[in-house]
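In full-length UniProt numbering, the protein residues as written are 1 to 485. By construction, the Cβ of each residue, glycine as well, lies at the ideal position given by its N, Cα and C atoms. Only a predicted model underlies this, so the values are computations on that prediction, with no experimental measurement involved. A short worksheet on the structure shown next.
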Amino acid sequence: MLTVSDGPFAACHETLDPRPFLEDCVYDMCVTGGERTTLCRALSAYAQACVELGIAVGDWRSPANCPMSCPANSSYQLCGPACPATCNSEAAPANCSGRPCVEGCVCLPGFVSSGGACVPASSCGCTYEGRPLAPGQAVWADDQCRQRCTCDGATQKVSCQSTQGCPAGEQCQVQNGLQDCYPTSFGSCQASGDPHYVSFDGRRFDFMGTCMYLLVGSCGQNAGLPAFRVLVENEHRGSQTVSYTRAVRVEAYGVEVAVRREYPGQVLVDGILYYLPFQAADGQVQVFRQGQDAVVRTDFGLTVTYNWNALVTVKVPSSYANALCGLCGNFNGDPADDLALRGGGQAANALDFGNSWQEEPSPANCGASKPGDCPKLDSLVTQQVQSKKECGILADPSGPFRECHSKLDPQGAVRDCVYDLCLLPGQTELLCEALASYADACQAAGATVQPWRTEEFCREYREWQLGENKRFQSPAPQGNLHSDS
Ligand SMILES: [Ca+2]
Numbered sequence: 001m002l003t004v005s006d007g008p009f010a011a012c013h014e015t016l017d018p019r020p021f022l023e024d025c026v027y028d029m030c031v032t033g034g035e036r037t038t039l040c041r042a043l044s045a046y047a048q049a050c051v052e053l054g055i056a057v058g059d060w061r062s063p064a065n066c067p068m069s070c071p072a073n074s075s076y077q078l079c080g081p082a083c084p085a086t087c088n089s090e091a092a093p094a095n096c097s098g099r100p101c102v103e104g105c106v107c108l109p110g111f112v113s114s115g116g117a118c119v120p121a122s123s124c125g126c127t128y129e130g131r132p133l134a135p136g137q138a139v140w141a142d143d144q145c146r147q148r149c150t151c152d153g154a155t156q157k158v159s160c161q162s163t164q165g166c167p168a169g170e171q172c173q174v175q176n177g178l179q180d181c182y183p184t185s186f187g188s189c190q191a192s193g194d195p196h197y198v199s200f201d202g203r204r205f206d207f208m209g210t211c212m213y214l215l216v217g218s219c220g221q222n223a224g225l226p227a228f229r230v231l232v233e234n235e236h237r238g239s240q241t242v243s244y245t246r247a248v249r250v251e252a253y254g255v256e257v258a259v260r261r262e263y264p265g266q267v268l269v270d271g272i273l274y275y276l277p278f279q280a281a282d283g284q285v286q287v288f289r290q291g292q293d294a295v296v297r298t299d300f301g302l303t304v305t306y307n308w309n310a311l312v313t314v315k316v317p318s319s320y321a322n323a324l325c326g327l328c329g330n331f332n333g334d335p336a337d338d339l340a341l342r343g344g345g346q347a348a349n350a351l352d353f354g355n356s357w358q359e360e361p362s363p364a365n366c367g368a369s370k371p372g373d374c375p376k377l378d379s380l381v382t383q384q385v386q387s388k389k390e391c392g393i394l395a396d397p398s399g400p401f402r403e404c405h406s407k408l409d410p411q412g413a414v415r416d417c418v419y420d421l422c423l424l425p426g427q428t429e430l431l432c433e434a435l436a437s438y439a440d441a442c443q444a445a446g447a448t449v450q451p452w453r454t455e456e457f458c459r460e461y462r463e464w465q466l467g468e469n470k471r472f473q474s475p476a477p478q479g480n481l482h483s484d485s
């Protein structure tokens, strides 16, 4: 077929001698025992060489029985366009019309070539200032986030609209190469120990209820923000005077993630137990482990950590300022109004305040009582701060938390720590918990904490490896652990 003078390749003979191709073809057929694919490959080699010289060849595939298999949404054409339609038509060479046709697979009508496949033209998206946009994708047209341009997949046109700019507490910035509205800062709230609370605005109070409570939630003040709730459930452990957080529940995007003390290393998502990491709501809610903590993070910047024991930290972006309620307060920058009752007005004390944020279903026989009394609290605090031992480690100017003091006054944490040890003397584990919760708060405030755990002092226990009962066996000698030079 290669050399036949009235065959499909005849037009090429004068320009490109077919005889070397014939010899190669015969040789290859001889070696492979006459395989058809070898024949097709040899004929194709001459056909391609001719096309590259600008000479169109005839249909050789049908008589040689060498059909070309084409990918989905395309068909074989002997003489197809040199520059087939693609998603990015602007990228095509200028002299397409003057080029000879090529043999190959050509996309069916309504489809265009994209990344080696033929895709519907409507899925191409748009080009905005030389930048490809997927259908539905939006970009900011200005550096103030005031002009939003969206690609319409059906028309492949970009339409732009003016917006209000970034919401309060957010700023138009580029992060990880993406321009968008990002929170200018974060607020953090903590429940630790028995439990001591520190609100977003820095208000400290103690509330020892054993029911379920709203720790923080978006309470409808700003309908533009994604809604969420974080609930805590507390319990007595040993002593009836104090309580501990035993479970944390995060609700967002219609998904409920519960981290419970009785399931260390695991979480319940909509009531089903999972190992970590886990994603819910199409990745809008991420749950993973970080050191001793379970971390629940949403795509709108909410981060809730719980150490499967007694320490809960909630971080929210500043866009939620003055749009929250619950035990963590309203996040308006003023600690004075943080004991707000659910029904409105300020509570007279932490007990009334806590009770007003009780949620159902709470465990049977749950309740709250007045915190226990520690008459010598003031003198104990002074004593430990001076000795720089036990809770005094927190305030030691040369201790492991020294770099945190400028960001987070340790006095409140020292007082909570001394109070816990006063109420439950001999429970040295409480000291480790108190140090851990201050360390956590320091890191949330962006401070560096020097190593403070050792093999002998507050050693980290992997309760999911050792079993729960090991946790309260940790002996904590009152050693001076900050003897660094
Ligand atoms: Ca406040």
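Mapping DSSP to helix, strand and coil, what is residue i?
i: S192; result: strand
i: G98; result: helix
i: C391; result: helix
i: Y27; result: helix
i: C83; result: coil
i: A49; result: helix
i: V269; result: strand
i: R297; result: strand
i: G187; result: strand
i: R462; result: A caution first: R462 carries a pLDDT of 48, below 50, which makes its placement in the model unreliable, though a value can still be read off. It is coil, neither helix nor strand.
i: C12; result: helix
i: E103; result: strand
i: T313; result: strand
i: L2; result: coil
i: A72; result: coil
i: L43; result: helix
i: C219; result: coil
i: Q450; result: coil
i: L78; result: strand
Can you tell me which residues form a DSSP beta bridge with residue i?
i: G234; result: Here the sequence assigns Asn to residue 234, which means Gly is not the residue at that position. In the DSSP output, where bridge partners are listed per residue, N234 has T245.
i: L214; result: L231
i: S199; result: For S199, which the question treats as bridged, DSSP gives no partner whatsoever.
i: C118; result: S113
i: E256; result: E251
i: A368; result: BP columns for A368 are empty, so no partner.
i: E170; result: P183
i: A280; result: V285
i: W140; result: R148
i: L302; result: According to DSSP, which records beta bridges pairwise, L302 is partnered with nothing at all.
i: E359; result: M212
i: L178; result: Q175
i: R204; result: V198
i: Q290; result: D293
i: A340; result: Q346
i: Y263; result: DSSP, once it has assigned bridges, lists no residue as partnering Y263.
What does the Cβ neighbour count give for residue i, buried or exposed, with the cut at 16 atoms within 10 Å?
i: A273; result: Sequence inspection shows Leu at residue 273; the Ala mentioned does not correspond to that position. By the 10 Å Cβ count, L273 comes out exposed.
i: S192; result: buried
i: N307; result: buried
i: C101; result: exposed
i: D206; result: buried
i: Y275; result: exposed
i: Y46; result: buried
i: Y213; result: buried
i: A441; result: buried
i: E460; result: exposed
i: G271; result: exposed
i: G98; result: exposed
i: A364; result: exposed
i: D17; result: exposed
i: E433; result: buried
i: V414; result: buried
Span of the alpha helix (DSSP H) holding residue i?
i: C422; result: Q411 to L423
i: E433; result: E429 to A444
i: residue 491; result: With the chain covering only 1 through 485, there is no way to say anything about residue 491.
Using 8 Å for Cβ pairs, my map puts residue i next to residue j. What's the rounded Cβ distance?
i: P84; j: S113; result: 5 Å
i: C149; j: A138; result: 6 Å
i: A117; j: V57; result: Going by Cβ atoms, the distance from A117 to V57 rounds to 27 Å, so no, they are not a contact pair.
i: C189; j: V296; result: Incorrect: roughly 14 Å between the Cβ atoms, too far for contact.
i: L377; j: Y438; result: Their Cβ separation, rounded to whole angstroms, is 18 Å, which puts L377 and Y438 out of contact at 8 Å.
i: P375; j: Q450; result: With a Cβ gap of about 34 Å, P375 and Q450 do not count as contacting.
i: G217; j: V232; result: Between V232 and G217 the Cβ distance is about 12 Å, and since that is not below 8 Å, they are no contact.
i: P335; j: G202; result: 5 Å
Could you spell out the range, first to last residue, of the beta strand (DSSP E) harbouring residue i?
i: residue 501; result: This structure does not reach residue 501, given that the chain is present from 1 up to 485, and the question cannot be answered.
i: S319; result: First-last for S319: undefined, no H or E at that position.
i: D352; result: Looking at the DSSP string, D352 is not in any beta strand (DSSP E); the run it does join, the alpha helix (DSSP H), is A350 to S356.
i: S162; result: K157 to S162
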